[in-house]
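I have placed the structure first, in the form of structure tokens, so that the comments after it can refer back to it.
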Amino acid sequence: MTADQAMEVARLGGSSTIEKIAAHAWRIRKAAPADAIAPYCEDAHIDFAFMPEGRRFDDLRLLAMDMDSTLITIECIDELGELAGCKSEIAAITAQAMRGELDYPQSLRKRVGLLKNLQEAALTRVYEERLRLTPGAQELLAACNKHGVKLLLVSGGFTFFTDRLKQRLGIDYTISNRLETENGKLTGELIGDIVDADAKAAKFKAVMRELGASREQTVAIGDGANDLKMMAQAGVSIAFHAKPVVRAQASCAISWCGLDAVPNLFE
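Numbering (my numbering), first residue to last: 255 to 521.
Here you go:
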């Protein structure tokens, strides 16, 4: 966002008070919602949010985020599907589930079933060759570490990936699904209860209680329909490059920037 664009958004919001807070980010004080702001920002590929004054990042206690297509750029199950020769079938089911058109546990079981007999080594290939952190992820994690904000990684994906990311990135808490393997191959089954929208929300509330955090001290970031129940528990919910159903229900949306935009929402 340029200075000229910041001035125009300020004008649309009836304000003339702008502060530069990062290389391409601005805070506009005393701005009022106006119908013209959203279409202007959409046309210019600018992310914006209305935040209450005084909300500070260093007051946060807990930040939770989804893994696939949020912390990382891929959907792990789609990549496994490619190695199993059924990526298009799996991706179609994934897209339906993310849009809220399919029951998540049922859709996950269908997708995992398509992976039956895939070599367990394919998991390592996806992690080492295809998994990449989303732009800005390192900066967001560094901000959390600096200010003592605990991190929760929630995923309808798999422990193989969340466990490795937890160790690599210093994440405090994780919850995800466990793939069953036998004789070095996936069986097409899952072990234990499925981590769905309810499980994500329950884990978020449990960690919140453990930390003694108030709702206002929490943030939840997600991109799909199965993140919505968790996001509804948070003081600030962020739809990250998300489906329309998620953007419509979140406190704010980040659709163009990376995860390093999250701290800019706060003072």
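No residue lacks a Cβ here, since even glycine has one placed at the ideal position from N, Cα and C.
Predicted model, so just to flag it, every value in this text is computed and none were measured.
Report yes if the C-beta distance between residue i and residue j is below 8 angstroms; otherwise report no.
| i | j | result |
| --- | --- | --- |
| F412 | R432 | yes |
| D477 | D301 | no |
| K459 | Q487 | yes |
| L317 | L419 | no |
| K439 | Q392 | no |
| L377 | A338 | no |
| R454 | V408 | First, the amino acid is wrong: residue 454 is Lys here, not Arg. Contact flag set, yes. |
| A298 | W280 | no |
| I429 | V449 | yes |
| D332 | A351 | no |
| E470 | G308 | no |
| A277 | A264 | no |
| T388 | T327 | yes |
| G410 | V499 | no |
| T519 | C511 | The residue asked about is misnamed: residue 519 is Leu in this sequence, not Thr. No, these two residues do not count as a Cβ contact at 8 angstroms. |
| A451 | Y358 | yes |
| T472 | M462 | yes |
| S491 | A504 | yes |
From which residue to which residue does the alpha helix (DSSP H) around residue i run?
| i | result |
| --- | --- |
| L334 | C330 to L337 |
| R418 | T413 to L423 |
| A397 | A391 to H401 |
| L377 | A375 to R379 |
| P306 | P306 -> no alpha helix (DSSP H), and no H or E assigned at all. |
| I291 | I291 to A298 |
| E521 | No alpha helix (DSSP H) contains E521, which DSSP labels as neither H nor E. |
| E262 | A257 to L266 |
| A453 | A451 to L465 |
| L482 | L482 to M485 |
Buried or exposed: which applies to residue i, given that a residue is buried once 16 or more other Cβ atoms fall within 10 Å of its Cβ?
| i | result |
| --- | --- |
| G446 | exposed |
| I508 | buried |
| S361 | buried |
| P293 | exposed |
| F304 | exposed |
| S342 | exposed |
| D289 | exposed |
| P517 | buried |
| R365 | buried |
| L322 | Inspection of the sequence shows that residue 322 is occupied by Asp rather than by Leu. Classification of D322: buried, given that the 10 Å Cβ count is 16 or more. |
| G466 | exposed |
| A493 | buried |
| A474 | buried |
| D258 | exposed |
| T199 | Because the chain is modelled from 255 through 521, residue 199 falls outside the range shown and cannot be assessed. |
| I291 | buried |
| N480 | buried |
| I347 | buried |
| D514 | buried |
| R315 | buried |
| G267 | buried |
What are the start and end residues of the beta strand (DSSP E) that includes residue i?
| i | result |
| --- | --- |
| T428 | Y427 to E436 |
| R281 | A279 to R283 |
| L440 | K439 to I445 |
Have a look at the DSSP bridge pairing and note the partners of residue i.
| i | result |
| --- | --- |
| M319 | L407 and I475 |
| T271 | R283 |
| L387 | I326 |
| V490 | V473 |
| C506 | I492 |
| A276 | A279 |
Using 7 angstroms as the cut-off, classify the Cβ of residue i as near or not near the heavy atoms of the ligand GTP, replying yes or no.
| i | result |
| --- | --- |
| E436 | By its list of ligands, the structure shown contains no ligand whatsoever, and the ligand GTP lies outside what it can speak to. |
- Run through the region 335-365 for me and flag every whole alpha helix (DSSP H) of 4 or more residues, listed as ranges in chain order. 341-352
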